[in-house]
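Here the structure comes first, spelled out in structure tokens, and everything after it is commentary.
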Amino acid sequence: MTGNAPTTASPALRRGLLLAVALFLAWQVITLQVANHYARNADAGDAAAAARALGWDPGQPRALELQARILLADATEDTLPQRAPEAQALLERAVTAEPSRGNNLALLALLRQREHDGSAPVLASLADELAPVHPQVQRNLARYYLLATELDQAVVHAARAMVGKPGLASDYYPLLMQVAADPRARDVLAAIADDPTPFPWWQGFFRHVATNAQELDALRSLVSLRQASTALPLTEYERNLYINRLRREGLVDEAYLHWVNGLGKAQLRSLGYLYDGGFDHDFANDSGFGWVARPPGNSGIRISRGDTYGASNDKALRLSFRGKRVRFSHVYQQVFLAPGAYTVSGRVRPDQLRARRGLQWRLYCSTGAGGTLGESELFVGTGDWRSFQFEVVVPPECSGQTLRLYSAGHRDVDHELDGAIWFDDLQIGLDK
Numbered sequence: 225m226t227g228n229a230p231t232t233a234s235p236a237l238r239r240g241l242l243l244a245v246a247l248f249l250a251w252q253v254i255t256l257q258v259a260n261h262y263a264r265n266a267d268a269g270d271a272a273a274a275a276r277a278l279g280w281d282p283g284q285p286r287a288l289e290l291q292a293r294i295l296l297a298d299a300t301e302d303t304l305p306q307r308a309p310e311a312q313a314l315l316e317r318a319v320t321a322e323p324s325r326g327n328n329l330a331l332l333a334l335l336r337q338r339e340h341d342g343s344a345p346v347l348a349s350l351a352d353e354l355a356p357v358h359p360q361v362q363r364n365l366a367r368y369y370l371l372a373t374e375l376d377q378a379v380v381h382a383a384r385a386m387v388g389k390p391g392l393a394s395d396y397y398p399l400l401m402q403v404a405a406d407p408r409a410r411d412v413l414a415a416i417a418d419d420p421t422p423f424p425w426w427q428g429f430f431r432h433v434a435t436n437a438q439e440l441d442a443l444r445s446l447v448s449l450r451q452a453s454t455a456l457p458l459t460e461y462e463r464n465l466y467i468n469r470l471r472r473e474g475l476v477d478e479a480y481l482h483w484v485n486g487l488g489k490a491q492l493r494s495l496g497y498l499y500d501g502g503f504d505h506d507f508a509n510d511s512g513f514g515w516v517a518r519p520p521g522n523s524g525i526r527i528s529r530g531d532t533y534g535a536s537n538d539k540a541l542r543l544s545f546r547g548k549r550v551r552f553s554h555v556y557q558q559v560f561l562a563p564g565a566y567t568v569s570g571r572v573r574p575d576q577l578r579a580r581r582g583l584q585w586r587l588y589c590s591t592g593a594g595g596t597l598g599e600s601e602l603f604v605g606t607g608d609w610r611s612f613q614f615e616v617v618v619p620p621e622c623s624g625q626t627l628r629l630y631s632a633g634h635r636d637v638d639h640e641l642d643g644a645i646w647f648d649d650l651q652i653g654l655d656k
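One point on numbering: in the numbering used here, the residue at position 306 of the sequence shown is 530, and numbering is uninterrupted.
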């Protein structure tokens with residue numbers, strides 16, 4: 225019995241088929257690689273690269289998304305209705321090709337939201353689950369919830385977006401400042417204000433409000449929210465910004481009360497018309513009503529609290545100079561005195577202090593009316609501890625004052641000081 229023998233391809237034909245398959249697969253790989261290359265270029269800002277990527281691979285998901293974003297980027301209220309359907313179709317194809325990419329879903333949620341499509345909230349929620357910290361996704365979700373008038377959710381996503389991309393701060397600070405200024409909305413910031421540690425942008429936002437808010441409502445609400453925190457108390461940085469703004473508004477009394485409320489028990493014991501005149505505490509060097517002592521760099525001037533004989537509580541203010549010509553005014557304290565007559569007094573011990581004129585304390589108006597209210601004698605030479613005092617009268621229009629130590633004189637040579645000097649027991653007393 226005979227049958228037909230099975231037909232077998234010749235070796236040449238098999239090699240040809242294998243070569244064709246290999247070439248086809250290689251072409252597919254090249255196509256995908258080139259498409260991905262153009263997609264990466266498009267991601268980096270080359271708008272034309274998105275179209276080139278789609279020319280190589282019509283289903284490249286990032287290129288589809290970028291094409292949709294390009295369509296929407298400069299759309300106006302008039303052109304958006306014409307562009308939205310094409311952008312939505314591109315995004316739907318992108319989601320089909322890569323369903324786990326959060327930004328495709330977030331953008332699609334925004335477009336379907338315009339049509340009141342019931343799938344929009346589901347898409348937004350899914351985008352958040354897939355990319356909970358991605359700044360672009362969180363930014364689009366912030367837009368989505370703003371349009372949905374869900375302010376609390378919008379703030380949450382804006383906060384996350386700024387964590388991932390600090391450059392977005394300029395977009396969101398004005399919005400958050402409006403939220404803080406609105407008594408009906410400010411509570412949406414409470415969760416962030418309770419512990420701003422996970423939000424590195426918070427300090428910049430607080431500074432933005434303290435500097436730029438037209439009214440004090442927004443800043444006061446932020447301070448109130450921070451003071452209510454159980455996790456992280458109001459920081460010195462925030463307190464100083466608030467006090468500075470209050471002083472800038474001429475609200476020295478409110479600034480002073482806020483500063484006093486932040487003092488500890490030991491500090492309160494040093495409180496008077498002049499704070500810590502015995503120099504028992506570290507220099508505050510802040511915006512409050514404590515001592516500021518900041519010598520200029522490379523001046524040879526040293527300012528410290530030191531131990532010396534005759535000092536009360538073993539501490540006194542010490543200043544040393546190295547003969548350089550520096551117009552000294554670098555020790556001062558902001559004070560808050562009601563209108564009336566006062567006596568400024570203290571103790572001094574010059575220690576081989578050489579100068580044409582010397583050092584001098586002055587009390588002057590720093591808020592409200594300007595001008596010097598009074599000044600001490602000049603301190604120079606060498607001597608033992610002795611007392612000094614001078615009288616001042618604070619007028620009603622002078623709402624804030626500063627006590628400052630100066631090197632006296634009008635010529636540069638007058639400010640060439642060498643040697644040291646000690647001060648202790650400074651105080652301001654109300655005349656009866």
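The beta carbon of each residue, even a glycine, is placed where N, CA and C say it ideally should be.
Bear in mind that the values here come from a model prediction, so they are computed numbers and not experimental data.
For F612, the enclosing beta strand (DSSP E) has its first and last residue at R610 to V618. Between the stretch 487–495 and the stretch 442–449 there are fewer than three inter-stretch CB-CB distances shorter than 8 Å, so the stretches are not counted as touching. With 16 or more other Cβ atoms from the protein chains shown falling within 10 Å of its own Cβ, H554 counts as buried. Of the candidates Q584, N364 and V403, the residue whose Cα lies closest to the Cα of R571 is Q584.
Q427: member of the alpha helix (DSSP H) spanning W426 to N436, first to last residue. At the C-beta level, A330 and A351 come within 8 Å of one another. Each residue's CA atom was taken as its position, placing A565 and D608 some 29 Å apart. Scanning its chain for C-beta atoms nearer than 6 Å, with the 5 sequence neighbours on each side dropped, one finds around D510 the residues N464, in chain order. In the three-state reduction of the DSSP assignment, A442 falls in the helix class. DSSP, read as helix, strand or coil, puts R580 in coil. The DSSP assignment places 515–517 as complete runs of the beta strand (DSSP E) inside the stretch 449–523, in order along the chain (cut-off: 3 residues).
When Cβ pairs closer than 8 Å are counted between the two stretches, the stretch 640–654 is seen to touch the stretch 575–583, the count reaching three or more. Boundaries of the alpha helix (DSSP H) harbouring L370: P359 to L371, taken from the DSSP string. Beyond the five residues adjoining it in sequence on each side, D418 comes within less than 8 Å, by CB distance, of L449, A452, S453, T454, A455 and L456 in the same chain, given in chain order. The residue among Q557, S523, G501 and Q558 with its C-alpha nearest the C-alpha of A540 is G501.
Here the alpha carbons of S528 and D504 stand approximately 11 Å from one another. Within its own chain, the residues whose Cβ lies closer than 6 Å to the Cβ of L315, once the five positions on either side in sequence are excluded, are A292, N328, L331 and L332, listed in chain order. Per DSSP, the beta-bridge partners of D642 are R546 and R578.
DSSP places E599 outside any alpha helix (DSSP H); the residue lies instead in the beta strand (DSSP E), whose first and last residues are T596 to E599.
With distances taken between CA atoms, D441 lies nearest to A405 out of A405, L498, H482 and G486.
In the three-state reduction of the DSSP assignment, L392 falls in the helix class.
G547 sits away from V568, with the two beta carbons spaced by 8 Å or more. The continuous beta strand (DSSP E) containing T626 extends over residues C622 to S631.
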